[in-house]
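Working notes for the structure below.
Next up, the structure:
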């Protein structure tokens with residue numbers, strides 16, 4: 011890792027490929043589609059690891075991300091975010107080349123789409139199954155019927171089904187709560203699909219989020235899953251118990267820039283512009299911005315007594331280092347940080363390029 | 011603003027230029043140097059607005075940022091972050107071309123610098139005046155003397171002075187506290203400089219941070235100021251009372267992607283990957299991630315009863331919109347958001363390019 015000079019996301023390819031294979035196998039076992047969300051990694055090379063595991067359909071969170079992956083040969087891409095009609099030129103360009111799906115969360119987009127879509131575009135309807143972020147009430151079948159009637163008059167729109175995302179699964183305190191969210195949410199999703207499939211026989215239901223998809227072994231009541239974070243996992247998922255420690259596939263390598271022995275504090279070159287300000291609350295430590303690990307040529311080692319990044323500013327991250335581990339972090343060395351939220355850390359660090367531990371090279 | 015399709019930082023050039031001129035005038039009035047911190051904007055074009063105001067010396071937070079501005083003709087650049095010795099090849103390259111200053115916050119870097127610096131490089135010593143982040147205790151003159159003796163044996167290092175940054179001024183609750191931090195911190199800085207200037211007659215003392223530099227009208231006890239955020243200001247500075255509303259020079263234009271009339275909520279395409287998750291606590295509203303404004307061709311208008319972004323996820327920002335303003339935000343329109351922390355928003359949004367309100371064009 012001598013070549014690493016800047017805060018860098020280091021990737022354990024073996025762990026990530028195993029996470030991909032495990033989730034793909036669960037989907038196959040339940041005979042449902044697997045449409046992983048690529049916003050977590052935003053990497054062409056990691057995308058190819060999914061392809062190696064048989065993945066052909068993906069989700070992304072923006073049209074520019076769809077465009078990026080379309081150029082690498084992906085041709086079934088859902089933009090799993092309420093359609094931004096200000097991007098219609100790009101939407102039309104993508105629809106002319108690949109099988110693009112958009113998300114409708116608000117009936118008011120239909121007029122704009124009617125007037126501007128130039129190519130056949132698949133759409134899914136976003137249902138709100140308790141996250142209260144966006145989408146239609148699954149109980150309000152009248153609103154859904156009206157939406158579908160109006161959309162049906164647009165020859166450029168092809169109805170494909172319903173999607174839901176259990177963002178509220180991230181806020182839970184227990185595994186039991188995660189299972190409840192899964193059960194209630196997928197039942198709502200399934201009921202809506204059953205109601206409409208007489209009229210639209212080929213529609214599917216699509217279900218998202220890493221916590222429920224990680225904890226559930228058999229998927230009922232949805233025809234597709236769209237988790238994203240599971241390829242890397244992170245400290246949030248670990249503390250939610252969505253994953254074990256050995257499933258975490260990324261760490262941030264952070265240069266040690268200053269050590270204050272008088273208060274046993276070490277300052278890392280890794281701050282909010284590298285890790286984000288996302289935190290997780292940890293017993294006995296409160297809000298933490300990452301867990302410190304010892305980097306080795308093969309990966310990283312956890313300390314028996316966890317060490318956390320407890321303060322963060324724009325470029326600085328600070329941790330308390332007990333005497334016995336002081337020599338693990340000499341000035342100018344690299345410390346490892348398991349990020350709180352790997353999606354945000356990867357988004358911030360992709361401009362520095364990711365480092366593949368296995369090949370010992372920076373990734374394209 | 012029809013061309014704006016993505017979350018975009020929009021810049022009021024008049025306001026920013028006025029902020030620059032005002033700070034430059036205050037420095038001139040106090041007969042001290044003005045070394046603005048460019049990490050806030052990271053823009054060549056905005057850098058030139060500083061040049062128009064007579065600025066010749068700048069601070070940045072990384073060597074890559076120094077390199078970026080060096081290519082635009084800046085040749086007196088301080089990297090105001092504890093020197094990261096893993097970047098020595100770039101440091102040497104920069105030192106061979108421009109007047110580069112580095113920051114020493116830890117004596118342990120000296121051996122590495124001794125062995126690897128190939129060109130004369132200016133250095134400043136970082137003092138910790140109460141922020142407890144990094145740097146030397148200003149009371150510990152023995153440690154400073156030892157550091158300077160060791161550094162003096164390195165023919166590639168040229169001692170230039172002391173720097174301090176009052177990061178703790180951001181955590182204050184009252185203007186009185188900000189003034190106290192300024193007084194105590196600059197006195198400590200000044201005392202250290204006075205102690206060493208007999209031996210090093212040309213050294214200076216350099217003082218940072220936007221809150222104190224904004225609130226103080228006459229600068230005593232420092233020879234230079236290094237504020238950064240003041241060029242844009244933001245909601246945090248407004249609530250700290252470092253600036254008035256009309257000094258805020260940026261807003262984020264965010265596409266309206268979904269509206270939930272049943273609960274008067276509007277979902278914007280502007281989330282943690284655009285605004286960061288930084289928040290400010292506001293009376294009666296709690297934690298907020300931005301304040302909603304109405305965009306106009308000339309700028310933005312504040313609502314009499316402030317409207318805040320109160321929930322944020324990776325790409326979504328959500329606000330409660332009272333009935334009377336519902337029609338200000340039709341589906342597909344742009345809402346304005348005054349960001350909580352303009353440095354982080356600018357860092358995240360610079361890849362989408364900034365939009366200059368005055369010229370009606372995207373900036374390079």
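Chains as they are written, first to last, in the working numbering: chain A, 11 to 374; chain B, 11 to 374.
The beta-carbon is built from N, C-alpha and C at its ideal position, and this holds for glycine as well.
The C-alpha of residue 139 of chain A lies about 29 Å from the C-alpha of residue 57 of chain A.
Taking a beta-carbon distance threshold of 8 Å, residue 342 of chain A counts as an interface residue toward chain B. The beta carbon of residue 71 of chain A sits closer than 8 Å to those of 47, 49, 89, 90 and 91, all from its chain and outside the five residues before and after it, given in chain order. In the same chain as residue 117 of chain A, and ignoring 5 residues on each side of it, the C-beta atoms closer than 8 Å to its own belong to 153, 156, 157 and 160, in chain order. In the structure shown, the three-state DSSP call for residue 210 of chain B is coil. The C-beta separation of residue 342 of chain B from residue 318 of chain B comes to about 22 Å, leaving the pair out of contact by the 8 Å criterion. For residue 222 of chain A, the three-state secondary structure derived from DSSP is helix. Take the alpha-carbon of residue 264 of chain A and the one of residue 102 of chain B: they are about 21 Å apart. Of all residues in the stretch 88–108 of chain B, only 91, 92, 93, 94, 95, 96, 97, 98, 99 and 100 place a beta-carbon less than 9 Å from a beta-carbon of chain A. Counting the other Cβ atoms within 10 Å of the Cβ of residue 126 of chain A gives fewer than 16, which makes it exposed. The beta carbons of residue 347 of chain A and residue 276 of chain A sit no closer together than 8 Å. By the neighbour-count criterion, in which a residue is buried when 16 or more other Cβ atoms sit within 10 angstroms of its Cβ, residue 217 of chain B is buried. By the rule that beta-carbons nearer than 8 Å mark a contact, residue 374 of chain B does not touch chain A. Taken in chain order, the members of the stretch 331–357 of chain B whose beta-carbon sits within less than 7 Å of a beta-carbon on chain A are 341, 342, 353, 354 and 357.
The secondary-structure analysis by DSSP pairs residue 92 of chain B across a beta bridge with B:113. With respect to chain A, the C-beta atom of residue 325 of chain B has a partner C-beta closer than 8 Å.
When C-alpha distances from residue 77 of chain B are compared across B:108, B:67, B:96 and B:55, the shortest belongs to B:108. The straight-line gap separating the alpha-carbon atoms of residue 331 of chain A and residue 274 of chain A is approximately 5 Å. Between residue 27 of chain B and residue 345 of chain B, the alpha-carbon positions lie close to 24 Å from each other. Taking 7 Å as the upper bound on Cβ-Cβ separation, chain B lies near residues 115, 116, 118, 119 and 122 of the stretch 106–125 of chain A. Annotation: the continuous beta strand (DSSP E) that includes residue 69 of chain A extends over 68–70.
Not a single C-beta of chain A is nearer than 8 Å to the C-beta of residue 260 of chain B. Going by DSSP, residue 55 of chain B is part of no beta strand (DSSP E) but of the alpha helix (DSSP H) stretching over 54–62. Contacts between residue 279 of chain B and chain A, judged by CB atoms closer than 7 Å, involve 94 in chain order. Boundaries of the alpha helix (DSSP H) harbouring residue 162 of chain A: 151–162, taken from the DSSP string. The beta carbon of residue 52 of chain A sits closer than 7 Å to the beta carbons of 75, 356, 357 and 360 from its chain, once the five residues preceding and following it are set aside; these are given in chain order.
Between the C-alpha atoms of residue 225 of chain B and residue 173 of chain B there is a straight-line separation of about 19 Å.
For residue 356 of chain A, the uninterrupted alpha helix (DSSP H) run begins and ends at 352–359, by DSSP. If the five residues before and after residue 320 of chain A are omitted, its C-beta is found closer than 8 Å to the C-beta atoms of 295, 296, 297, 298, 299, 328, 329 and 330, all from its own chain and listed in chain order. If the five residues before and after residue 349 of chain A are omitted, its C-beta is found closer than 6 Å to the C-beta atoms of 244, 262, 285, 300 and 355, all from its own chain and listed in chain order. Looking at the DSSP output, residue 293 of chain A shares a beta bridge with no other residue. Assignment of residue 339 of chain A by DSSP, reduced to helix, strand and coil, places it in the coil class.
Contacts with chain B (Cβ-Cβ distance below 7 Å) from the stretch 144–170 of chain A involve 144, listed in chain order.
At least 8 Å separates the CB of residue 82 of chain A from every CB of chain B. DSSP places residue 86 of chain B within a strand segment (E or B) once states are collapsed to three. Residues of chain B with a Cβ closer than 8 Å to the Cβ of residue 219 of chain A do not exist; the shortest Cβ-Cβ separation is about 11 Å.
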